[in-house]
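Below is one structure, written out as structure tokens; the observations come after it.
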Amino acid sequence: MPNTRLDPRLAGYARAGWKSVCREMQLPEGGFTERQAAQQRERYGANRPAAARRALGPRLRRAFLNPFSLTLLALCVLAWVTELLPGGGLAHEGTAPLMTGMLLLSGLVRLALEMRAHRQAQQLQRRTRLTVPVLREGRWQERDAEELVIGDRIRLRAGDPAPATVRLTRARDLFVSQSLLTGESAMTEKTPDPETDPAARPAAWRCLVWAGSTVVGGTGEGVVLALRPDAAPDEEPRRAGFDRGARSIAGVLLRFSAVLTPAIFLLSGLTKGQWGAAAVFALSAAVGLTPELLPMVVTACLARGSGALARRGTIIKDIDAMQAFGGMDLLCVDKTGTLTGDHIRLEYYLDVLGNESADALEAAWLNSRWHTGVRNHLDDAVLRMAQAPGWQEKLARLETQHPCLDELPFTYERRLASVLVRDGAGGRLLVKGAVEAVCARCSRAVWRGQTLPMGPDSERDVRAVVDEMRRDGMKVLAVAVRDLDGDTLRPEDEQDLTLLGYLAFFDAPKKSAGPAIARLRALQVPVKVLSGDAREVTGAVCRRLGIPCERVYTGADLEAAGPDDRAALAESGTVFAELTPAQKADILAILKANGHTVGYLGDGMNDLPALRQADVGIAAEGAACTAQGAAQVLLLHKDLNVLADGVREGRRVFVNMSKYLRITASSNFGNIAAVALASVALPFFPMASVQLLLLGLLYDLLCLALAWDTADEDQLRRPRGWSGRTLGRFMGVFGPVSSVFDLLTFGFLFFVLCPQVCGGAYGALDAAGQARFAALFQTGWFLESLWTQVLILHLLRTPRLPFIQSRPAAGVLAVTAAGLALFTALTFTPLGALAGMAPLPPVYFVFLAGVAALYLLTVTAVKSIYVRRYRELV
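In short: position in the sequence shown from 1, add 31, done, that's the working numbering.
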């Protein structure tokens with residue numbers, strides 16, 4: 032079994048009889064006492080779910096080994112090299128330790144947020160926590176699955192995940208799904224018989240029920256051999272569009288660094304002749320090119336968004352799912368419980384021609400009462416008839432008179448469930464399931480007490496009755512019977528049946544579903560319905576909710592189509608019905624291969640494959656615990672409006688991250704490109720290494736406020752995702768504009784301001800005068816870069832006119848204004864002197880104001896052209 036740690040003793044226990052296993056393990060006949068259980072727990076550990084045991088490892092990887100953090104890690108290495116090289120001049124500033132601290136802080140903040148979300152998810156799941164019948168102190172007791180210990184005797188029930196790896200001692204029609212472990216959708220029947228095939232793979236061992244598998248039908252008892260962490264698949268977090276896009280962004284930044292860093296090194300070394308200092312300066316430029324606090328800003332934005340959704344009743348287990356919300360351009364949903372309510376009513380019980388039939392109801396009630404497969408809303412609706420007036424005593428007598436002998440649980444391949452009950456001296460097979468599946472196995476039908484053969488026109492007669500109810504939005508099941516000898520049931524017995532009639536159920540559409548779907552459609556997130564219900568029922572519900580369904584495709588349509596046609600069908604279809612769980616997952620895989628970012632909302636065990644396949648798996652409170660465990664997002668309320676809120680919040684998060692990344696990267700690129708050009712012409716370095724790094728860090732600290740910024744409505748109207756290509760385009764357009772004004776500032780400082788203040792040109796000054804000249808020049812460019820970067824942040828944060836058509840959040844405005852004032856004053860303090868800066872005369876600030884105004888006007892014009900051409904800004 033893949034991703035599974037197997038103790039060699041498990042193979043021995045599988046090949047030995049269960050009685051010898053109990054003797055070897057020295058298990059007491061009446062189960063453990065509480066003291067013995069405590070000793071076993073101390074010796075072998077607690078039975079916490081595997082995901083809880085290993086939650087820290089994957090979250091540590093996501094926190095510290097994501098593409099943005101790896102980019103900053105590379106920059107930290109460069110900073111430490113710069114710090115430690117002789118003549119680097121950075122040791123007293125501590126730039127490298129500061130960047131390393133930011134990397135650690137970013138990772139720790141993300142880790143803390145995900146662990147908090149993990150605890151919230153666990154609290155939600157505890158409301159539907161798994162309990163297991165355990166033999167303790169000589170009696171069967173209902174206990175939390177986490178209390179199990181090695182050697183406990185437990186019972187397995189349909190619908191529950193296996194709480195541990197169990198060696199069966201008894202089994203009755205026990206069918207198990209191992210799809211989460213093996214990827215195979217077919218069910219496996221388990222028996223207590225020892226394994227006799229030495230070549231059989233572990234998944235095929237019939238006497239072992241593996242932790243992580245799900246009991247589909249029947250019952251069983253067994254001995255716990257291994258706790259969940261010892262035999263369960265490793266947690267494999269999905270790599271959604273966020274990570275793919277993040278890698279492309281990191282690649283673009285690293286490629287720019289790979290080109291500019293050697294160029295600056297060669298130009299500076301050749302013109303200055305100081306190769307050691309040139310290396311330090313080039314490495315500092317590489318660090319300055321990339322936004323140093325990128326992981327921190329991304330984490331702050333994601334944390335802000337996940338916190339906002341938490342207040343609205345949504346738990347984000349993986350905060351990367353926040354951006355996946357924003358990038359989601361398709362939402363697939365199950366019908367029952369999502370578009371319709373959870374309370375289904377049994378409206379009619381009818382004979383084959385549509386008249387009321389008590390026989391059909393009685394057979395269906397016994398089938399629902401005795402089958403041990405997974406319960407669903409339809410079974411609950413049938414069983415509630417025991418409380419209906421006039422039926423209590425009658426159904427109680429039926430239960431006594433017709434005990435269960437055997438069963439075949441429901442499967443999505445057969446689409447029916449069969450129960451064999453005692454009927455006098457013989458047995459009677461009761462079958463309940465999908466109309467098409469049951470009727471295909473029928474050769475006779477009962478009408479007004481007579482058993483009549485079903486002829487060639489029978490299918491037409493059936494559809495005449497059934498389709499009318501389905502068009503009204505009702506779900507219809509067929510009920511059939513057969514007399515059998517013996518007390519065992521085989522799959523081949525489900526043939527030559529006699530059709531009794533139909534059950535019609537009504538599941539009203541939710542009032543909130545229609546408006547919520549309209550909201551999602553306005554956000555350019557179309558909804559596709561993937562249902563296991565009949566075509567007519569699914570179509571009727573969707574039409575009531577305004578979901579386009581000119582044609583409803585079925586699972587049979589998918590199977591009949593070739594690979595190319597299947598891809599086109601999945602893309603064009605809106606409503607799909609009569610799907611198996613595997614077909615739902617296949618549709619999602621096709622949509623993802625077509626380039627979509629897909630979300631899936633489901634709540635049952637049959638939704639597990641689709642939840643794991645989706646970019647964003649979503650489950651709601653009340654969903655099966657296995658569905659909650661597979662989902663990345665948990666809703667406290669099953670309402671599509673909450674998802675619409677999540678889409679908007681995810682897009683706002685993306686917009687704010689993109690603002691920082693694009694604006695900062697393009698500005699840094701422009702500055703560093705100007706440095707490369709100036710290095711050729713200037714007799715000194717245009718900015719000291721420490722100043723270059725300090726500029727980036729101070730600006731990035733101000734940008735942390737973007738996590739709390741607002742976003743324009745037109746920026747939230749469509750799905751968004753990361754793209755290295757669009758980042759490179761943005762940098763290529765706005766970076767050179769910054770370079771032009773940097774070079775203009777260089778000219779003013781070198782030819783006008785510095786000669787006036789220092790009393791002559793650079794070459795005519797002594798060493799002290801040249802040092803002052805260089806300090807004034809570097810300080811002037813430091814301030815010009817800082818001012819233009821902060822101002823351009825406000826200009827490029829929106830495609831609209833800043834402050835007039837689009838106002839930043841008050842916190843962003845306050846932080847950037849205060850930061851500009853504080854960092855400008857820094858140049859007049861001893862701290863500025865330590866960084867090699869000198870106070871500038873008032874005339875420079877007049878020039879700075881003029882350059883900043885001209886720069887803003889130029890960028891406004893370029894922004895207008897850019898938006899007209901590319902239809903977007905950030």
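The C-beta atom is built at its ideal place from N, Cα and C for all residues, glycine as well. Note that this is a predicted model, so its numbers are computed, not measured.
Residue range of the unbroken alpha helix (DSSP H) whose run includes residue i
i           : result
residue 485 : Premise fails: residue 485 is in no alpha helix (DSSP H) and is neither H nor E.
residue 443 : Element bounds for residue 443: n/a, residue is neither H nor E.
residue 195 : It is not in any alpha helix (DSSP H) - residue 195 carries neither H nor E in the DSSP assignment.
residue 783 : From DSSP, residue 783 is part of no alpha helix (DSSP H); its letter is neither H nor E.
residue 187 : Unbroken run through residue 187 is the beta strand (DSSP E), 184-188; no alpha helix (DSSP H).
residue 810 : 798-827
Rounded separation between residue i and residue j - CA only
i           : j           : result
residue 704 : residue 865 : 26 Å
residue 75  : residue 258 : 9 Å
residue 892 : residue 768 : 11 Å
residue 31  : residue 708 : Nothing can be reported for residue 31, as the shown portion of the chain is limited to 32 through 905.
residue 789 : residue 803 : 7 Å
residue 223 : residue 453 : 25 Å
residue 785 : residue 898 : 39 Å
residue 700 : residue 766 : 6 Å
residue 403 : residue 600 : 37 Å
residue 884 : residue 301 : 36 Å
residue 586 : residue 615 : 9 Å
residue 474 : residue 484 : 6 Å
residue 823 : residue 644 : 41 Å
residue 888 : residue 819 : 12 Å
residue 581 : residue 563 : 18 Å
residue 119 : residue 111 : Legend: pLDDT at residue 119 = 46, less than 50; position of this residue unreliable, no value from coordinates given.
residue 890 : residue 334 : 31 Å
residue 529 : residue 660 : 42 Å
Distance CB(residue i)-CB(residue j) smaller than 9 Å
i           : j           : result
residue 468 : residue 446 : yes
residue 557 : residue 745 : no
residue 808 : residue 717 : yes
residue 677 : residue 340 : yes
residue 226 : residue 205 : no
residue 895 : residue 743 : no
residue 396 : residue 413 : yes
residue 238 : residue 187 : no
residue 670 : residue 559 : no
residue 504 : residue 568 : yes
residue 747 : residue 679 : yes
residue 544 : residue 501 : no
residue 183 : residue 255 : yes
Best match in the options for proximity to residue i [C-alpha to C-alpha]
i           : options            : result
residue 534 : 611, 614, 508      : 508
residue 391 : 367, 379, 170      : 379
residue 536 : 480, 416, 306, 231 : 416
residue 854 : 884, 821, 633, 885 : 821
residue 903 : 78, 883, 684, 829  : 829
residue 798 : 611, 714, 859, 132 : 714
residue 513 : 342, 363, 449      : 449
residue 5   : 760, 70, 399       : No statement about residue 5 is possible, as the shown extent of the chain runs from 32 to 905 and does not include it.
residue 192 : 747, 201, 240, 342 : 240
residue 665 : 494, 282, 345, 619 : 345
residue 435 : 517, 487, 477, 183 : 517
Residue i, enclosing beta strand (DSSP E) - first and last residue
i           : result
residue 435 : 435-439
residue 607 : 606-608
residue 693 : Unbroken run through residue 693 is the alpha helix (DSSP H), 671-712; no beta strand (DSSP E).
residue 172 : 170-175
According to DSSP, residues forming a beta bridge with residue i
i           : result
residue 363 : 559, 631
residue 248 : 206
residue 509 : 464, 533
residue 843 : None, per the DSSP bridge assignment.
residue 478 : 481
residue 665 : 346, 650
residue 515 : 458
residue 473 : 528
residue 584 : 607
residue 387 : 381
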